[in-house]
Amino acid sequence: MKILITGGAGFIGSHLLEELLSSDNEILVFDNFLTGKKENIEFKGNFKLIEDDFGTKNSLNLIKEFNPQICFHLAAQSSVVVSVDDPLLDFEHNILQPVQLIKTLLSTDCSKFVFASSGGTIFGEPSILPTGEEDFAGEPESPYGIGKKKLNEIIKSMTINTHLSYSILNLSNVYGPRQDPHGEAGVVSIFSNKILKNEKPIIYGDGEQTRDYIYVKDVVNALILSSKIDSNLFLNIGTGIETSVNQLLETIKSEFASDVEPIYKESRKGELLRSVLNSSKAQKELNWESQFSLNKGIKEVVSWLKT
0 MKILITGGAG
10 FIGSHLLEEL
20 LSSDNEILVF
30 DNFLTGKKEN
40 IEFKGNFKLI
50 EDDFGTKNSL
60 NLIKEFNPQI
70 CFHLAAQSSV
80 VVSVDDPLLD
90 FEHNILQPVQ
100 LIKTLLSTDC
110 SKFVFASSGG
120 TIFGEPSILP
130 TGEEDFAGEP
140 ESPYGIGKKK
150 LNEIIKSMTI
160 NTHLSYSILN
170 LSNVYGPRQD
180 PHGEAGVVSI
190 FSNKILKNEK
200 PIIYGDGEQT
210 RDYIYVKDVV
220 NALILSSKID
230 SNLFLNIGTG
240 IETSVNQLLE
250 TIKSEFASDV
260 EPIYKESRKG
270 ELLRSVLNSS
280 KAQKELNWES
290 QFSLNKGIKE
300 VVSWLKT
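Just so you know, we're using numbering that gives the first Met the number 0 here: the sequence shown kicks off at 0 and counts up by one.
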């Protein structure tokens, strides 16, 4: 199978690449390394890496030449805070370049476009929890969320009456090894790294805001399963378990046997108060469900950080 991965050296992308290389696939990977890391993909296999944005003229020509059968689109400007500070940058990376990508794929034999969307930010503050695919009544509260939601709509529109079907997966808060512990997002890695160094973790707001934390291998499994379905899919991918930031910190502290106390700071713009997803549709359509408990997943993160 000829497979294209954008953002293949990133956190989720590298895990996806590693899993796909365990089968007989020929893979083309794009990553501009703004957030991706070469050490994430220091494994051998039948893949070619292009160090560039996937949306440049040269990159699009390479994609057309490669003629993929499946495209996993994971590359993105992934920071809510950055999107608020620089919405034009967010628009360029999260809407304009993906539109060019889809347009190019429509001129190839590609039959499946799998998009890693956002299960929280695109729909704003939810009125129903856990939130199903049809329950999203709110509006995005950040340019990042607006961009993700708009791209969902563009994908649906551009693929009507074409040979390209889509799988849009609304991911909850993904965590696991290779998530940058020094970045703005990825609170599990950030907290774990702080405690490992005996430093005080920073919590923005009162810590009672909630998220649905899902382990990266569960997400990769869902991405691959969705790529094998011919029809269009719009699915939530989460655990259905709501965990506050304070609860998360206590769980991580117990793994380290730490008594460190956090520093509380003012909440950040564009962040939701509560978010947890109903993934029953994915269970039905993909025969998928999360396998990693939060405790089990955190053990994996801690083990990775200690190596």
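Quick reminder that beta carbons are idealized off the backbone N, C-alpha and C, glycines included.
Predicted model, so just to flag it, every value in this text is computed and none were measured.
Check: Three Cβ pairs or more, each shorter than 8 Å: is that satisfied between the segment 79-98 and the segment 40-50?; Outcome: no
Check: What residue does the beta strand (DSSP E) around valine 113 start on, and which one ends it?; Outcome: 111-117
Check: According to DSSP, simplified to helix, strand and coil, what is asparagine 169?; Outcome: strand
Check: For phenylalanine 32 and lysine 56, what's the separation of their Cα atoms in angstroms?; Outcome: 18 Å
Check: Looking only at C-alpha atoms, which of Lys196, Pro129 and His92 sits nearest to isoleucine 240?; Outcome: Pro129
Check: Please classify leucine 272 as buried or exposed, where buried requires at least 16 other C-beta atoms within 10 Å of its C-beta.; Outcome: exposed
Check: So, with DSSP's three-state summary, where would you put asparagine 24?; Outcome: coil
Check: Taking only the alpha-carbon atoms, compute the straight-line gap between lysine 21 and glutamate 260 and give it to the nearest angstrom.; Outcome: It is serine, not lysine, that sits at residue 21 in the sequence shown. When rounded, the distance between both Cα atoms is 42 Å.
Check: Indicate, with yes or no, if the ligand ADP has a heavy atom lying under 7 Å from the CB of phenylalanine 32.; Outcome: Ligands displayed in this structure: none; no statement on the ligand ADP is therefore possible.
Check: Are serine 274 and isoleucine 213 close, meaning C-beta to C-beta below 8 Å?; Outcome: no
Check: Measuring only the C-alpha atoms, how far is alanine 221 from isoleucine 236?; Outcome: 7 Å
Check: Are three or more beta carbon pairs between the segment 57-67 and the segment 100-109 nearer than 8 Å?; Outcome: yes
Check: Candidates Thr120, Lys252 and Lys283: which alpha carbon is nearest serine 141's?; Outcome: Thr120
Check: Just verifying my parser: in three-state terms, what is the DSSP assignment at isoleucine 154?; Outcome: helix
Check: Would you mind sorting serine 302 into buried or exposed? The rule is 16 or more other CB atoms within 10 Å of its CB.; Outcome: exposed
Check: Rounded to a whole number of angstroms, what is the C-alpha to C-alpha distance between glutamate 207 and valine 244?; Outcome: 6 Å
Check: Are lysine 147 and serine 117 close, meaning C-beta to C-beta below 8 Å?; Outcome: yes
Check: According to DSSP, lysine 56 sits in a beta bridge with which residue or residues?; Outcome: None, per the DSSP bridge assignment.
Check: Tell whether a beta-carbon distance below 8 Å holds between leucine 276 and serine 191.; Outcome: no
Check: Evaluate glutamate 132 with the Cβ neighbour count: other Cβ atoms within 10 Å of its Cβ, from every protein chain shown; 16 or more gives buried, anything less gives exposed.; Outcome: buried
Check: If you compare alpha carbons, which of Asn197, Asn172, Lys295 and Ile159 is closest to serine 210?; Outcome: At residue 210 the sequence reads arginine, which differs from the serine that was named. It is Asn172.
Check: Using CA atoms only, rank isn't needed, just tell me which of Leu16, Ala115, Phe10 and Trp287 is closest to asparagine 169.; Outcome: Ala115
Check: Entirely within the segment 57-91 and at least 4 residues each: give me those alpha helix (DSSP H) ranges in chain order.; Outcome: 79-84 and 86-90
Check: Rank Thr306, Gln68 and Asn93 by C-alpha distance to the C-alpha of glycine 54 and give the top, closest one.; Outcome: Asn93
Check: Enumerate in chain order the residues of its own chain whose CB-to-CB distance from threonine 250 is below 7 Å, with the five nearest sequence positions on each side excluded.; Outcome: Leu293, Asn294 and Ile297
Check: Is serine 289 helix, strand or coil by DSSP?; Outcome: coil
Check: Taking a contact to mean a Cβ-Cβ separation below 8 Å, would you say cysteine 109 touches glutamine 68 in this structure?; Outcome: yes
Check: Can you check DSSP and say which residues form a bridge with asparagine 31?; Outcome: Answer is none; asparagine 31 lacks a bridge partner.
Check: Taking the C-alpha atoms as reference points, what is the distance between tyrosine 165 and proline 200?; Outcome: 39 Å
Check: Beta-carbon within less than 6 Å of asparagine 307's beta-carbon, same chain only, minus the 5 sequence neighbours each way: which residues are those?; Outcome: One cannot answer for residue 307 here, as it falls past the ends of the chain, which runs 0 to 306.
Check: Do threonine 5 and leucine 73 count as a contact pair if the criterion is CB distance below 8 Å?; Outcome: yes
Check: Could you work out which residue in Ala8, Asp258 and Leu248 is closest to isoleucine 202 when comparing CA atoms only?; Outcome: Leu248
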